[in-house]
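Taken in order, these protein sequences are the chains called A and B.
Taking the numbering used here, the leading residue of the first sequence gets 1, the next gets one more, and so forth.
Taking the numbering used here, the leading residue of the second sequence gets 154, the next gets one more, and so forth.
Protein chains: 2
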Amino acid sequence: MKASPNATAPASFPAIESTIRATGARVTTSRVRVYALLQNAQGPLCHREIEQRLSGEALPAMDRVTLYRVLDWLAQAGLAHKAADTRGVFRFSAATSDGEHLRHMHFRCTACGGVFCLEMSQPSLPELPQGFRLASAEFDIRGVCPDCAGKRP
Amino acid sequence: MKASPNATAPASFPAIESTIRATGARVTTSRVRVYALLQNAQGPLCHREIEQRLSGEALPAMDRVTLYRVLDWLAQAGLAHKAADTRGVFRFSAATSDGEHLRHMHFRCTACGGVFCLEMSQPSLPELPQGFRLASAEFDIRGVCPDCAGKRP
DNA sequence: GAGCTTATTGCAACCTTGTGGCGTTAATGA
DNA sequence: TCATTAACGCCACAAGGTTGCAATAAGCTC
Ligand SMILES: [Mn+2]
Ligand SMILES: [Mn+2]
Ligand SMILES: [Zn+2]
Ligand SMILES: [Zn+2]
């Protein structure tokens, strides 16, 4: 067992475009860039991290607000997952077609907010009381990641 | 099985005072009020909810910042749990001496951020990869609570 | 490919949650 | 009761996120 990089294949550019087009919405450069970036990421990224990586791309920087909107659009369209990290900051990850992220566990660092995929499948779902509508279940393990543990042992 | 009120007994005022005193820090009215409030709460509360409940208490309202500091102090002292809800807002709950909250599951509403204790014990902990330091594990079930489901079916 | 329509973008202002600094107050111990 | 200093109140500020609206550029029709 180990902390794994996303098992997702790098996903070609045309593939990304057609995935976006399939939702019925417009294929914009912002959407393509961000979705591609999430596909190639090791784990869920926050707005700031994405902004930084985009700024290293030499393409014209996209607006802060546009990035927020693109991310929320991806989530709402079902192409990305959105979830608050331990520090209360939202992180986004590409939603693989097979829903892989929903089936394994995650380690969430309480120091840096980082999320790490663990190659362990989740326990099965329990039944819920009347009136509750299940959306998803996540077994989150909290603690300090190797990186942060190294800085202040 | 049901969504339960906290199984914690209401905890007398002198008991609360002595618990705080036992930490070595000063017993202030702010700390006593907030800790007592958390003890009697049905589930984890956010800053805003706590502020509202305190304002209904006829005692002089405590400052916004003081409340933040009291809450963080309670968490740091081990008397409360602090965790971000689905909307990225921190919620606090009294840490029972037997660590009850750490052993059962929680339902987290993606609409209002509410947290509900479920009377189901958690699956056992897996082992972690090298370098990761475990702090706690939580099996979080996400979805929409009965209240929010009622508002927009 | 040019022109039309309207979904997206960029920008500015604003909101909410949470922090840091500092003088004042009040809990504790003598 | 008095002295010490941890906590508090108040102010300004930071970070993450949202709203409104005019300007831009996808997608469609021709
Ligand atoms: Mn994952
Ligand atoms: Mn925030
Ligand atoms: Zn970390
Ligand atoms: Zn709800």
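No residue lacks a Cβ here, since even glycine has one placed at the ideal position from N, Cα and C.
Just so you know, these numbers come straight off a predicted model, no measurement behind them.
Quick check on Leu-198 (chain B): buried or exposed, where buried means 16 or more other Cβ atoms within 10 Å of its Cβ?
So Leu-198 (chain B) ends up on the buried side.
I want to verify the contact list: residues of chain B whose CB lies under 9 Å from the CB of Ile-141 (chain A), in sequence order.
For Ile-141 (chain A), the chain B residues whose Cβ falls inside 9 Å of its Cβ are Leu-278, Pro-279, Leu-281, Phe-285, Leu-287, Ala-288, Ser-289, Ala-290, Glu-291, in order along the chain.
Drop a sphere of 10 angstroms on the beta-carbon of Phe-13 (chain A), count the other beta-carbons inside from all chains shown, and report buried for 16 or more, exposed for fewer.
Label assigned to Phe-13 (chain A): exposed.
Any C-beta of chain B sitting closer than 8 Å to the C-beta of Ala-149 (chain A)?
Closer than 8 Å to the CB of Ala-149 (chain A) there is at least one CB belonging to chain B.
Where the region 228-254 of chain B meets chain A: residues whose CB sits under 9 Å from a CB there:
Interface annotation for the region 228-254 of chain B against chain A: Ala-236, Ala-237, Asp-238, Thr-239, Arg-240, Gly-241, Val-242, Phe-243, criterion Cβ-Cβ distance under 9 Å.
Less than 7 Å separating the Cβ of Ala-264 (chain B) from some heavy atom of ligand 4?
Yes, the beta carbon of Ala-264 (chain B) sits closer than 7 Å to at least one heavy atom of ligand 4.
Mind pulling the chain A residues with CB within less than 7 Å of Pro-197 (chain B)?
Under the 7 Å cutoff, chain A gives no residues; its nearest Cβ is about 13 Å from Pro-197 (chain B).
Please decide whether Val-115 (chain A) counts as near chain B, where near means a Cβ-Cβ distance under 8 Å.
No, no contact with chain B.
Paired residues, beta bridge with Met-258 (chain B) - DSSP
Paired residue(s): B:Leu-271.
With DSSP collapsed to three states, give me the class of Cys-298 (chain B).
Looking at Cys-298 (chain B) - three-state DSSP - the assignment turns out to be coil, as it is neither helix nor strand.
Identify the continuous beta strand (DSSP E) that holds Ser-93 (chain A) and give its terminal residues.
Membership of Ser-93 (chain A) in the beta strand (DSSP E) is indicated by the continuous run 90-94.
So which residues of chain B does Val-167 (chain A) contact, with C-beta pairs closer than 9 Å?
Chain A is shown only over 1 to 153; residue 167 (chain A) falls outside these bounds and no answer can be derived.
His-259 (chain B) vs Leu-271 (chain B) beta-carbon contact at 8 Å:
Yes, they are a contact pair.
Check for me: the beta strand (DSSP E) holding Ala-84 (chain A) runs from which residue to which?
Unbroken beta strand (DSSP E) run through Ala-84 (chain A): 80-84.
So, with DSSP's three-state summary, where would you put Ala-22 (chain A)?
Coil, per DSSP.
Under 8 Å, do Val-297 (chain B) and Ala-264 (chain B) count as touching if we go by C-beta distance?
Taking 8 Å as the Cβ cut-off, Val-297 (chain B) and Ala-264 (chain B) qualify as a contacting pair.
Gln-39 (chain A) and Ala-11 (chain A) - do their beta-carbons sit closer together than 8 Å?
Contact check for Ala-11 (chain A) against Gln-39 (chain A) passes: the beta carbons are separated by less than 8 Å.
Is the beta carbon of Leu-37 (chain A) less than 8 Å from the beta carbon of Ile-50 (chain A)?
Cβ distance < 8 Å, so Leu-37 (chain A) and Ile-50 (chain A) count as in contact.
Is any heavy atom in ligand 4 found nearer than 7 Å to the beta carbon of Cys-131 (chain B)?
Past the boundaries of the shown model lies residue 131 (chain B); chain B is included only from 154 to 306, so the question cannot be answered.
With Val-154 (chain A) as the anchor, note down where its alpha helix (DSSP H) starts and where it stops.
Because chain A spans 1 through 153 in this model, residue 154 (chain A) falls outside it and cannot be assessed.
Taking its Cβ as the centre, do 16 or more other Cβ atoms sit within 10 Å of Ser-246 (chain B), making it buried, or is it exposed?
Looking at its Cβ environment, which holds 16 or more other Cβ atoms inside 10 Å, Ser-246 (chain B) is buried.
Cβ-Cβ distance between Asp-124 (chain B) and Asp-140 (chain A) below 8 Å
What is shown of chain B runs 154 to 306, which leaves residue 124 (chain B) out entirely.
Quick one: Cα of Arg-69 (chain A) to Cα of Asp-63 (chain A), how far?
So the alpha carbons of these two residues sit roughly 10 Å apart.
Chain B beta carbons: is any one of them nearer than 8 Å to that of Phe-107 (chain A)?
Closer than 8 Å to some Cβ of chain B, the Cβ of Phe-107 (chain A) qualifies, so yes.
Does the Cβ of Cys-46 (chain A) lie closer than 7 Å to at least one heavy atom of ligand 3?
No, the Cβ of Cys-46 (chain A) stays beyond 7 Å of every heavy atom of ligand 3.
State the Cα-Cα distance for the pair Leu-232 (chain B) and Thr-239 (chain B), rounded to the nearest angstrom.
Answer to the nearest angstrom: the Cα atoms are 23 Å apart.
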